[in-house]
Amino acid sequence: MPNFKVLMKVLVSELATFERAQRVVEPDLVMDRQEQVDAYSQAGAKGGTMASLNLFHSAQIAEVIRPGDTVVDLACGSANQLAQVAQLNPDSRFLGVDLSPHMLDRARQFVAEKGLSNCEFRLASITDLEFLKDRSVDVVMSTMALHHLPDTASLQQCFREARRILKPDGGVYFSDLGHFRAEKSIEYASRQYADQQPEVFTIDYLNSLRAAFSLQDFRDAAQVFGEQVSVLSTFLVRYMIVVKSAARRPPDQALGSALDALRQGLPDGHRADLKDLILFFRLGGLATPYFG
Ligand SMILES: C[S@@+](CC[C@H](N)C(=O)[O-])C[C@H]1O[C@@H](n2cnc3c(N)ncnc32)[C@H](O)[C@@H]1O
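Residue numbers for the sequence shown follow our numbering, beginning at 1 and rising by one.
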């Protein structure tokens with residue numbers, strides 16, 4: 001996932017362009033084709049091309065979740081991210097929500113293989129969480145998924161629903177791709193790992209970058225949380241965006257050791273990507289807990 005070389009290439013192409021690429025809605029809003037499910041869960045698995053990014057999110061989320069919390073993951077997909085967070089936070093309960101039956105089948109299978117008993121799943125839209133009561137949830141998270149919503153009205157509706165179900169002292173962590181101005185930037189970013197992943201994943205990633213919302217779209221939608229959250233992005237290039245509430249938990253040594261062991265287990269190149277991502281977010285104003 002985003003590394004120094006690609007971020008630099010994208011930076012140059014964004015600065016050199018007069019283009020203002022319009023957002024293009026995802027051709028597959030819900031990811032229910034079996035080949036997509038396979039490619040996505042493979043990318044999120046150990047050593048896969050999403051592994052460094054998943055670990056970055058896990059470290060960020062670790063600051064927001066307290067033991068005993070109920071956590072809802074919006075558009076959880078095949079649950080690679082959710083399972084890692086659930087494993088690191090065994091005393092919390094997790095509910096993954098997605099509109100794809102095939103993704104949820106894979107998610108259930110994945111958490112069962114990992115022996116996790118603190119995860120449940122629900123087929124539903126992240127813009128309509130009527131099965132969850134007002135102020136019933138401690139944390140709402142979502143990673144790499146909000147660009148699957150058709151428009152900014154849906155993004156705002158999703159954030160309103162998150163706000164509604166959150167307890168007053170609850171926390172949020174949302175992260176997604178940001179919108180580039182130049183098609184060339186999208187090409188660079190989407191092809192970074194083209195030789196290490198199935199073509200269907202590269203195409204999905206290209207479509208995701210085209211469908212990404214802008215930083216301003218996130219700022220507008222996040223207004224529903226008031227002062228409770230910050231909206232930040234990678235430095236200069238809006239490659240990744242994070243909407244995060246203030247830390248709800250002091251640093252935890254056991255959690256730090258577990259995260260570090262996962263970092264050590266990444267292939268060298270992906271460990272370097274993680275370092276670059278941490279740096280670009282730090283320069284953009286978002287510190288990463290636990291990774292120094
Ligand atoms: C790229 S995957 C992200 C999965 C996961 N969050 C992760 O970080 O690996 C996006 C997911 O959003 C789901 N999705 C799209 N629109 C949705 C909606 N309106 N409600 C629930 N899920 C939705 C898709 O089915 C897909 O599983």
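Quick reminder that beta carbons are idealized off the backbone N, C-alpha and C, glycines included.
Keep in mind the model is a prediction, meaning the values are calculated, not measured.
Coil, strand or helix - residue i by DSSP
i: residue 98; result: strand
i: residue 119; result: strand
i: residue 174; result: strand
i: residue 78; result: coil
i: residue 202; result: helix
i: residue 73; result: strand
i: residue 166; result: strand
i: residue 249; result: coil
i: residue 238; result: coil
i: residue 154; result: helix
i: residue 50; result: coil
i: residue 276; result: helix
i: residue 40; result: helix
i: residue 111; result: helix
i: residue 19; result: coil
i: residue 3; result: coil
i: residue 26; result: coil
i: residue 86; result: helix
i: residue 8; result: helix
i: residue 292; result: coil
i: residue 197; result: coil
i: residue 224; result: helix
i: residue 106; result: helix
i: residue 215; result: helix
Closer than 7 Å to chain B by CB, residue i
i: residue 93; result: Reference to chain B is not applicable here, since this structure consists of a single protein chain.
Proximity winner among the options, relative to residue i (alpha-carbon distances)
i: residue 111; options: 82, 283, 221 and 134; result: 82
i: residue 194; options: 206, 34 and 130; result: 206
i: residue 13; options: 289, 180, 279 and 67; result: 180
i: residue 87; options: 259, 272, 277 and 291; result: 259
i: residue 139; options: 44, 69 and 31; result: 69
i: residue 15; options: 164, 255, 67 and 184; result: 184
i: residue 251; options: 65, 21 and 151; result: 65
i: residue 51; options: 281, 292, 289 and 277; result: 277
i: residue 217; options: 105, 172, 149 and 192; result: 149
i: residue 264; options: 42, 47 and 108; result: 47
i: residue 113; options: 30, 84, 130 and 153; result: 84
i: residue 24; options: 164, 152 and 257; result: 152
Strand pairing of residue i, partner residues [DSSP]
i: residue 244; result: 173 and 230
i: residue 142; result: 174
i: residue 137; result: 166
i: residue 93; result: 70
Nearest-angstrom beta carbon gap, residue j and residue i [assumed within contact, 8 Å]
i: residue 37; j: residue 102; result: 5 Å
i: residue 229; j: residue 137; result: That pair is no contact at about 15 Å.
i: residue 96; j: residue 79; result: 6 Å
i: residue 231; j: residue 243; result: 5 Å
i: residue 285; j: residue 239; result: The pair is not a contact, with the Cβ atoms about 14 Å apart (cut-off 8 Å).
i: residue 56; j: residue 288; result: 7 Å
i: residue 126; j: residue 176; result: In fact, because the Cβ distance is near 12 Å, the residues do not count as touching under 8 Å.
i: residue 39; j: residue 198; result: 5 Å
i: residue 75; j: residue 98; result: 6 Å
i: residue 10; j: residue 189; result: 6 Å
i: residue 121; j: residue 108; result: 6 Å
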